[in-house]
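There are 2 protein chains.
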Amino acid sequence: MAVSSRERVRAAAVKLFATKGFHGTGIRDLAQEAELSSASLYHYMGTKEDLLAEIMRTALNRLLHAAREATAASPGPVHRLRTLVALHVLAHAVGPAETRVVDNEVDVLSPAAREPVVALRDAYERLWAAAIDDGVAAGVFHTEHPAVTRLALLEMCSGVARWYSPRGPLALDQLAEHYAELASRALGCASPPGVHDLGRCREIVAKEWGMSG
Amino acid sequence: MAVSSRERVRAAAVKLFATKGFHGTGIRDLAQEAELSSASLYHYMGTKEDLLAEIMRTALNRLLHAAREATAASPGPVHRLRTLVALHVLAHAVGPAETRVVDNEVDVLSPAAREPVVALRDAYERLWAAAIDDGVAAGVFHTEHPAVTRLALLEMCSGVARWYSPRGPLALDQLAEHYAELASRALGCASPPGVHDLGRCREIVAKEWGMSG
DNA sequence: CCGAGACTATCGATCGATCGATCGAACGTC
DNA sequence: GACGTTCGATCGATCGATCGATAGTCTCGG
Numbered sequence: 002m003a004v005s006s007r008e009r010v011r012a013a014a015v016k017l018f019a020t021k022g023f024h025g026t027g028i029r030d031l032a033q034e035a036e037l038s039s040a041s042l043y044h045y046m047g048t049k050e051d052l053l054a055e056i057m058r059t060a061l062n063r064l065l066h067a068a069r070e071a072t073a074a075s076p077g078p079v080h081r082l083r084t085l086v087a088l089h090v091l092a093h094a095v096g097p098a099e100t101r102v103v104d105n106e107v108d109v110l111s112p113a114a115r116e117p118v119v120a121l122r123d124a125y126e127r128l129w130a131a132a133i134d135d136g137v138a139a140g141v142f143h144t145e146h147p148a149v150t151r152l153a154l155l156e157m158c159s160g161v162a163r164w165y166s167p168r169g170p171l172a173l174d175q176l177a178e179h180y181a182e183l184a185s186r187a188l189g190c191a192s193p194p195g196v197h198d199l200g201r202c203r204e205i206v207a208k209e210w211g212m213s214g
Numbered sequence: 002m003a004v005s006s007r008e009r010v011r012a013a014a015v016k017l018f019a020t021k022g023f024h025g026t027g028i029r030d031l032a033q034e035a036e037l038s039s040a041s042l043y044h045y046m047g048t049k050e051d052l053l054a055e056i057m058r059t060a061l062n063r064l065l066h067a068a069r070e071a072t073a074a075s076p077g078p079v080h081r082l083r084t085l086v087a088l089h090v091l092a093h094a095v096g097p098a099e100t101r102v103v104d105n106e107v108d109v110l111s112p113a114a115r116e117p118v119v120a121l122r123d124a125y126e127r128l129w130a131a132a133i134d135d136g137v138a139a140g141v142f143h144t145e146h147p148a149v150t151r152l153a154l155l156e157m158c159s160g161v162a163r164w165y166s167p168r169g170p171l172a173l174d175q176l177a178e179h180y181a182e183l184a185s186r187a188l189g190c191a192s193p194p195g196v197h198d199l200g201r202c203r204e205i206v207a208k209e210w211g212m213s214g
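Structure, rendered in C-alpha cells:
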C-alpha cells in the first residue's frame, strides 16, 4: 500500500482536529477521513485523547529538533534569532494544520497528558529566550521587557498558520525573510537583510516536514 | 436581583466557551455555571450556536466602535496606528475570555451565522490597513508588504489574550506602551514613545468593557 | 380592591441522536 | 494455525433540545 493505515489515521486526525477542533471531531469523522471503520481506528490509537497527545508531542519534538539543528552553527544572537524566526515561520506556513492543533488544543488535554507537551513547548521557547537575552546582553538588541517581547514575537510568527496560503502573492522565502526583518526591527536591531540561514532552514523544513514549495 | 439571568447566561457562555471551547461546553455545563436548569437556558437564547454568534457580534461591535472613537481625533497615521495597537492590547488584556472566543471559534459557526461576524472583523481590520497604508504613503512607515505586516501585527497583539495576567509584573499601561513601541519599530518608524492616546484608550476600555485596572 | 387572564421565569422529565469505546468474528498472509 | 487487520453490531453515556407543569408578576375591567 502507498501509505500505511497508521499514517492515514494520523493525517486524518491532524486535518480534522485543525479544522473542526478536537471536540468537534467525532470518532466516525476520523474513521471516514482515514477510510477505516471506527472500530479499526482503535487498532492504531489508544483513546482519542492519546491520539491528540501523540500528535502534539511529535510535532513539538520535530520543531524543537529542527530549531536546534538550524541554529547550531549560528555565529551570534542576531543571526540565531533571525534563523529561529525564519524556521518557525516556514514550519507554520508549510504545516498549518499540525501547528493549529498544537497551538489551539493544548488545554483539552488532561493534566497528565498535557505535562510533557508543555515541557516541550517550554524547551522550545527557551531557545528564543536565550537568543533574545544574549542579544540584549551583547548590546545588539534593545527591549525593555525581553520576556514580553519574546511572547509577542512568538505569537506574531505562529499567526502565520492562521492565514498564509501558498496561492497568495508571497513565496515562502519572502515570507520568512519579511518576518525575520519584522522581528529584528521590533528588537531595535536594524540588521542588513539576509543575516540568517534561510537556505539551511528550507533544507531542514523540507527534510522534517516532507518536501514542499 | 444583582445581575439578571440573561447576563449570567452570557457570562457563563463566554467563560466556558473560552476555557473549554464551544464543542467542549455542554448545555448542562452552561446551565450549572449560570445557575439555571438546562431547560431555562432556552428562555434566554435560541440555539447554542445563536448564543455563540451573538457573543461574537456584540464583542466585535464593541471593539470596532471603540477603535473608531479612539482614533477619531488622531493627528496622523503614526499616532493613529499606535492608538489602535494600544486599544487592541488593552481590550485583549482586560477581556481575554471574550477575545479568545472571537478569535478561536469563528469557524464552528455555520456560514449564515459566520458571515456578519467576518464582516465586522473585516471592517475592524480595514482601520488597521488604512492607518498602515496612510503611513506608508506619507513616508513615515516603511514596509515591503503592508498587508502581511498588518496581519503579523494583529496576530502579535491578539496573542496578548493568550498569556497576559494582571498579576504579572507588567501593568496595563506599560503593556500597551510596549506593544505600541514594538509595532512602530516593526513599521520602521522610530517614533518617540507616548505618541498615542493611551489615556483616552484607557477611558474607552473602562467604559466599554466595564471598569478594571 | 378584586380577581380573571396574560405573560415571564423556572423546572423535572424526557425525547431521539450521537458520542467514545468495545466485542467477537471474519479476513488475509506467512 | 498463528498473527496482524478489518469490520458490523452494539454498549452505556451524554448530547442538544423540547415538553407540559408550576409558580410568580403584571394589567385592567368591574
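Those protein sequence lines, which keep their order, are chains A and B. Every position in the first sequence, counted from 1, becomes a number in this note's numbering once 1 is added. Every position in the second sequence, counted from 1, becomes a number in this note's numbering once 1 is added. We put the beta carbon where it would ideally sit given N, CA and C, even for glycine.
Residues of chain A with CB under 7 Å from residue i, in chain order?
i      : result
B:H146 : L171, H179
B:N285 : Residue 285 of chain B is absent from the model: chain B starts at 2 and stops at 214.
In chain order, what residues of the same chain lie with their CB nearer than 8 Å to the CB of residue i, ignoring the 5 residues before and after it?
i      : result
A:S159 : H89, H93, T100, D104
A:L61  : V103, V118, L121, R122, Y125
B:W129 : L82, L85, R151, L154, L155
B:K21  : D30
A:A139 : G77, P78
A:H143 : V137, L188, G189, C190
B:P193 : none
What residues from chain B crowd round residue i, counting only those whose CB sits closer than 8 Å?
i      : result
A:R115 : Within 8 Å Cβ-Cβ: nothing; A:R115 doesn't reach chain B, min ~14 Å.
With a CB to CB cut of under 7 Å and the five nearest residues on each side skipped, what residues in its chain are close to residue i?
i      : result
B:R201 : A71
A:D135 : P78
A:L65  : L121, A124, Y125
B:K16  : E34, A98
A:S39  : I28, R29, A32
A:A13  : L31, E34, A35
A:S75  : R81, T84
Would you say residue i and residue j are within 8 Å of each other, going by their C-beta atoms?
i      : j      : result
B:Y45  : B:S6   : yes
A:V196 : A:R63  : no
B:E209 : B:A67  : yes
A:L53  : A:E106 : yes
B:L110 : B:E50  : yes
B:L199 : B:A172 : no
B:A87  : B:A181 : yes
A:L179 : B:E145 : Residue identity check: residue 179 of chain A is His in the sequence provided, not Leu. Closer than 8 Å, so yes.
B:G47  : A:R186 : no
B:M157 : A:M157 : yes
B:G25  : A:H24  : yes
Suppose the cutoff is 6 Å on Cβ atoms and the five residues either side in sequence are ignored; what does the same chain contact list for residue i look like?
i      : result
B:L154 : A184
B:Y165 : A94
A:G214 : Any reading at A:G214 needs caution, since the residue's pLDDT is 43, under 50, leaving its predicted position unreliable; the model's value is listed next. The answer, listed in chain order, is L173.
A:D108 : none
A:A162 : H93, P97, T100, R101
B:A207 : none
What in chain A is Cβ-close to residue i, meaning under 8 Å?
i      : result
B:V149 : L171, L176, H179
Under 7 Å Cβ-Cβ, which residues of chain B neighbour residue i?
i      : result
A:L183 : T150, A153, A187
Give the interface partners of residue i over in chain B, defined as CB-CB distance under 9 Å, in chain order.
i      : result
A:E215 : Look at the range of chain A in this structure, 2 to 214, and you will see that residue 215 of chain A is not part of it.
Along chain A, which residues have their Cβ under 9 Å away from the Cβ of residue i?
i      : result
B:V109 : K21, G22, G25
Please confirm whether any heavy atom of the ligand MG lies closer than 7 Å to the CB of residue i.
i     : result
B:F23 : With respect to the ligand MG, the structure offers nothing, as it holds no ligand at all.
Practice prompt. Please specify which runs of the alpha helix (DSSP H), each continuous and at least 4 residues long, are wholly inside the stretch 52 to 118 of chain B, giving them in chain order.
Written response: 78 to 95, 97 to 105
Worksheet entry | Contiguous alpha helix (DSSP H) assignments of at least 4 residues, all confined to the stretch 17 to 48 of chain A | 28 to 35, 39 to 42
Item to complete: Quick one: which unbroken alpha helix (DSSP H) runs of 4-plus residues sit fully inside the stretch 133 to 198 of chain B? Chain order, please.
Response: 147 to 159, 161 to 164, 173 to 187
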